[in-house]
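Protein chains in written order, with this note's numbering: chain A, 1 to 138; chain B, 139 to 276; chain C, 277 to 414. Positions of the beta carbon are idealized from the N, C-alpha and C atoms, including for glycine. Predicted model only: the values in this text are computed from it and were never measured. Only one structure is covered here, and it is reproduced in the block below.
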Amino acid sequence: MRQVTHTLNTDTHGPGLYDITAAVVNWCQKQGMQQGLLTLFIKHTSASLTIQENADPDVCLDLQDFFARIAPQNGPYRHTCEGPDDMPAHIKTALTQTQLTIPLQQGHLALGTWQGLYVFEHRNHRQNRRLALHLLGE
Amino acid sequence: MRQVTHTLNTDTHGPGLYDITAAVVNWCQKQGMQQGLLTLFIKHTSASLTIQENADPDVCLDLQDFFARIAPQNGPYRHTCEGPDDMPAHIKTALTQTQLTIPLQQGHLALGTWQGLYVFEHRNHRQNRRLALHLLGE
Amino acid sequence: MRQVTHTLNTDTHGPGLYDITAAVVNWCQKQGMQQGLLTLFIKHTSASLTIQENADPDVCLDLQDFFARIAPQNGPYRHTCEGPDDMPAHIKTALTQTQLTIPLQQGHLALGTWQGLYVFEHRNHRQNRRLALHLLGE
């Protein structure tokens, strides 16, 4: 068994879900493993990871709206020094994932038909988000 | 060290938490490992995974009610083409887990006394849910 | 490749986020691995794990307040036999993490600059919380 790591950079331009499925799947397949375990880890606390439907783009927009309603920018926050979008970003990160682990079976990630991998950006301004990828297997 | 994978199918009949602890524990123990890492991955975006108290069944009902309040079927959603329960199902999935990873120690999963593994079904109609299981260890 | 496990005990004294970054990092570094995968698993259903900003302590207080608003102690719960803070604790656990997995690269956990590891205590009284740690690598 062997392991390999990688850093994936994603540019974001405002709140929303950014599909990273192809980038992750391509990197995995280049490692030439048949069976293993992939871990994605986002190195930030104001952007997160989620697995969601990749068929109807309205799902991603509705998700974005839901999280904006549940953690509004005008909430009663102490932490306002980094702008009105920062504390809601931390809350949205806490409510979703910083890490995802996915089995690799017969050379393919075990994603269901409608599952896509997304970086969920919660800040208003442009960001460069870094993900650590770790693949273990053979 | 070696790895083994499995597909677990669970039938659901409406919203709620379905206990899969015994099925997962039994499969793990059959692999004859003493130390390792188990990953459960649900291949859907309208059902999810959670670890919750397995003592008082009211906890599962209260959880189901909480998620129905926070993501109601009559919310202001764009994505309504798959029925009024579909977009709330995606939201509830984003708020809980698509994947769980649990250490195996001395031949047993490191679950606490009151921890049970659940498939959290969010759709109204009957479904067959597929989980990928991956166990690594020796 | 080899694996090692550990139990980490954390005392808590009321709701809030307890920083366990140093304890986890120290244990990891003692194992002398360069590349691997660390899994933290909390063996409870009324306390959870989260990765959050470790710079401004107001972020942790705002997070605690947010979760108290979204899952109030006076909610319409069936499960009240363990006190008014118990069902909200299960909800807050479902909304955050029971498990975190983090790659180890070049001898260091792949945490971003501002990422800290926290036990999120949801109960009112003092507790001793147990975490299973699992590190795999070489």
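Cβ neighbour criterion (16 or more within 10 Å) applied to residue i
i        : result
A/Lys92  : buried
B/Ala232 : buried
C/Cys306 : According to the sequence displayed, residue 306 of chain C carries Lys and not Cys. With fewer than 16 Cβ atoms within 10 Å of its Cβ, C/Lys306 is classed as exposed.
C/Pro379 : buried
C/His366 : buried
A/Arg2   : exposed
C/Pro291 : buried
B/Pro210 : exposed
B/Thr188 : buried
A/Thr113 : exposed
C/Arg345 : exposed
C/His320 : buried
A/Gly32  : exposed
B/Gln172 : exposed
C/Pro360 : exposed
Contact set between residue i and chain A, taken where Cβ atoms lie within less than 7 Å
i        : result
C/Pro379 : Thr5, Thr39, Phe41, Ala132 and His134
C-beta atoms of residue i and residue j nearer than 8 Å
i        : j        : result
A/Ala23  : A/Leu8   : yes
A/Val119 : A/Thr12  : yes
C/His401 : C/Ser322 : no
A/Thr101 : A/Ile42  : no
C/Leu409 : C/Ile296 : no
A/Leu17  : A/Gln64  : yes
C/Ser324 : C/Thr281 : no
C/Leu387 : C/Thr286 : no
A/Pro88  : A/Gly75  : yes
Contact list for residue i against chain B, beta-carbon separation under 7 Å
i        : result
C/Arg354 : Asp196, Leu199 and Asp200
A/Thr96  : Ala232
A/His114 : For clarity, residue 114 of chain A is Trp in the given sequence; the question names His instead. Neighbours of A/Trp114 on chain B, chain order: Thr183.
C/His401 : The contacting residues do not exist; C/His401 stays about 16 Å from chain B at best.
C/His366 : Gln190, Glu191, Val197 and Leu201
Contact list for residue i against chain C, beta-carbon separation under 9 Å
i        : result
B/Met171 : Those within 9 Å of B/Met171 in chain C number zero; the least Cβ separation is about 11 Å.
B/Leu255 : Here the premise fails: no neighbours, minimum Cβ distance about 10 Å.
8 Å Cβ cut-off: residues of chain A touching residue i
i        : result
B/Ala185 : What B/Ala185 touches in chain A: nothing, since even the nearest Cβ is about 10 Å away.
B/Arg209 : Residue 209 of chain B is actually Ala in this sequence, not Arg. Those within 8 Å of B/Ala209 in chain A are Phe66.
Closer than 8 Å at the beta carbon, the chain B residues around residue i
i        : result
C/Ile327 : Within chain B, no residue comes near C/Ile327; the closest Cβ sits about 15 Å away, beyond 8 Å.
C/Ala386 : Those do not exist, as C/Ala386 stays about 16 Å from chain B at its closest Cβ, beyond 8 Å.
Partners in chain B for residue i, counting only beta-carbon separations shorter than 9 Å
i        : result
A/Gly137 : Gln141 and Leu274
Amino acids of chain C, ordered along the chain, whose beta-carbon sits closer than 8 Å to that of residue i
i        : result
B/Leu238 : Thr374 and Gln375
> Within the chosen definition, does the region 349-363 of chain C reach the region 189-206 of chain B through at least 3 CB pairs nearer than 8 Å?
Replying inline: The region 349-363 of chain C is in contact with the region 189-206 of chain B.
> Taking only runs of the beta strand (DSSP E) that begin and end inside the region 296-330 of chain C, which ones reach a length of at least 3 residues, in chain order?
Replying inline: 312-318 and 323-329, all fully within the region 296-330 of chain C.
> Which residue spans inside the region 66-132 of chain A form an unbroken beta strand (DSSP E) run of at least 3?
Replying inline: Counting only runs of 3 or more, we get 99-105 and 115-121.
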